[in-house]
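The opening residue of the sequence shown carries number -12 in this note's numbering; numbering runs sequentially from there. Each residue gets a CB set at the ideal place from its N, CA and C atoms; glycine is no exception.
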Amino acid sequence: MTTGSVNDSNNLLQHNSTTADQNHKPDVTEYDMHHDDYDRDTALRRLRTAGSLTITPELFEKIYLSPKNRVSNNIRSTVGNPTPLALCGFLLSLSPLCNILLGWRGSGGSGAAEVGVYYFFGGMLMIIGSVLEFILGNTFPFVVFGSFGAFWLGWAATLTPFYHASIAYDPSHPATSSMNPTFANTFAFFMIYMGVLCFIYLICSLRTNICFVLIFLSLVPAFGLMAAVYWELAEGNAAVSLKCQHAAGGLLFAVCLLGWYLLTAQLLAAVDFPLNIPVGDLSHLVKGASELAARKEEMKQSSE
């Protein structure tokens, strides 16, 4: 074989090798093996936080129960979402209480048997959730969870004999002191103003979701009925007081159903579950004042 033929053969082999390298494509399965865990972690992180990652306003209000807002720090990308924790504390306290108010299985006594639950679930978990919402810059859930955490602590303290809340009105009969007319008339005012507070929350919740709106819409008359329970009891109308108690228990039971639904929706979103439970987003219907002002300014500039 001549030298020219050898050179031509070598050139042909090099050309074929180069063409094969250019046409080679990475195996899809190999790519998926390397990136599957990364993509899953990225999706979970996108759902759990709202820091530098862009999420829709609908998802934001669903997991934080607050309209999407801007914060100067990046804390949302480093900590978890505390909203489900506070909801757990609320539901694990209210659910037994509404059953007790309805008198199921012979329960009663204003839920004194659940006083530990009120302290550590209703009080502690909701206060912790409130503080974390404050750190995240979510003002509305911070105030809601903090006030209800204090409510459960106050309710538990009233039922605790150590604090003499009712005993102070009838020291000679501590076992029945909670039925003392003066105590009942006095304690009812607490329920009235909790209803006023929930009415304010109801107005604010119109920018969150339908579930949150319905919860406060039920809580307002429920607290009014709880006040009626004590006032009717102070008047000696035990039968009317019991009817008001059952009505309040029914409304609070509806609140619990809505709360469990909302908690389920949040936890499913937190683990990137393929089932999306709607909560009735209202953030796109009730526009914020800043958004309306910005739109008005844009219209003004476009008309000039």
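> Nearest-angstrom Cα distance between residue 74 and residue 87?
Replying inline: 20 Å
> Is residue 273 closer than 7 Å to residue 212 when the C-beta atoms are compared?
Replying inline: no
> If we call anything under 7 Å between Cβ atoms a contact, is residue 199 one with residue 182?
Replying inline: no
> Can you list, in chain order, the stretches of the alpha helix (DSSP H) that have 4 or more residues and sit fully within the stretch 98 to 123?
Replying inline: 113 to 123
> Looking at the unbroken alpha helix (DSSP H) that takes in residue 150, where does it start and where does it end?
Replying inline: Premise fails: residue 150 is in no alpha helix (DSSP H) and is neither H nor E.
> Whose C-beta lies closer than 6 Å to the C-beta of residue 227 among residues of the same chain, with five residues either side of it excluded?
Replying inline: 219
> Over what stretch of residues does the alpha helix (DSSP H) that includes residue 240 continue unbroken?
Replying inline: Per DSSP, the continuous alpha helix (DSSP H) segment holding residue 240 begins and ends at 225 to 257.
> Among 175, 146, 179, which one has its Cα closest to the Cα of residue 164?
Replying inline: 146
> Does DSSP put residue 172 in a helix, in a strand, or in coil?
Replying inline: When DSSP states are grouped into helix, strand and coil, residue 172 belongs to the helix group.
> Which two residues bound the contiguous alpha helix (DSSP H) that contains residue 71?
Replying inline: 70 to 88
> Across which residues does DSSP place residue 196 in a beta bridge pair?
Replying inline: 268
> Apart from the five residues just before and just after residue 282, which ones in its own chain have a Cβ nearer than 7 Å to its Cβ?
Replying inline: none
> What number of angstroms, rounded off, separates the C-alpha of residue 262 from the C-alpha of residue 113?
Replying inline: Roughly 27 Å between the two C-alpha positions.
> Do you know how far the Cα of residue 196 is from the Cα of residue 111?
Replying inline: 26 Å
>> Distance check for residue 238 and residue 278, CA to CA, integer angstroms please.
In response: 35 Å
>> Given the structure, does residue 98 come close to the ligand FMN, in the sense that its CB is under 6 Å from one of the ligand's heavy atoms?
In response: The model on display carries no ligand, and the ligand FMN is accordingly not part of it.
>> Can you tell me where the alpha helix (DSSP H) holding residue 287 begins and where it ends?
In response: 276 to 290
> Out of 248, 258, 172, 202, which has the shortest C-alpha to C-alpha gap to residue 223?
Replying inline: Residue 223 has its Cα closest to that of 172, out of 248, 258, 172, 202.
> Counting pairs of Cβ atoms below 8 Å between the stretch 92 to 101 and the stretch 121 to 133, do you hit three or more?
Replying inline: Taking one beta carbon from each stretch, the stretch 92 to 101 and the stretch 121 to 133 have fewer than 3 pairs nearer than 8 Å; the two do not touch.
> Relative to the alpha-carbon of residue 139, which residue among 102, 260, 289 has its alpha-carbon at the smallest distance?
Replying inline: Comparing Cα-Cα distances from residue 139 to each of 102, 260, 289, the minimum goes to 102.
> Smallest Cα separation from residue 142: which of 83, 109, 206?
Replying inline: Among 83, 109, 206, the Cα nearest to that of residue 142 is on 109.
>> Can you tell me where the alpha helix (DSSP H) holding residue 131 begins and where it ends?
In response: 126 to 146
>> I'd like to check one pair, residue 78 with residue 236: are the Cβ atoms closer than 7 Å?
In response: When the beta-carbon positions are compared, residue 236 and residue 78 stay at least 7 Å from each other.
> Hey, residue 80 and residue 118: beta-carbon distance below 7 Å or not?
Replying inline: Inclusion of residue 80 and residue 118 in the CB contact set at 7 Å is not warranted, their separation being larger than that value.
>> Taking the alpha carbon of residue 251 as the reference point, which residue from 240, 241, 265 has its own alpha carbon closest?
In response: The shortest C-alpha separation from residue 251 is found at 265.
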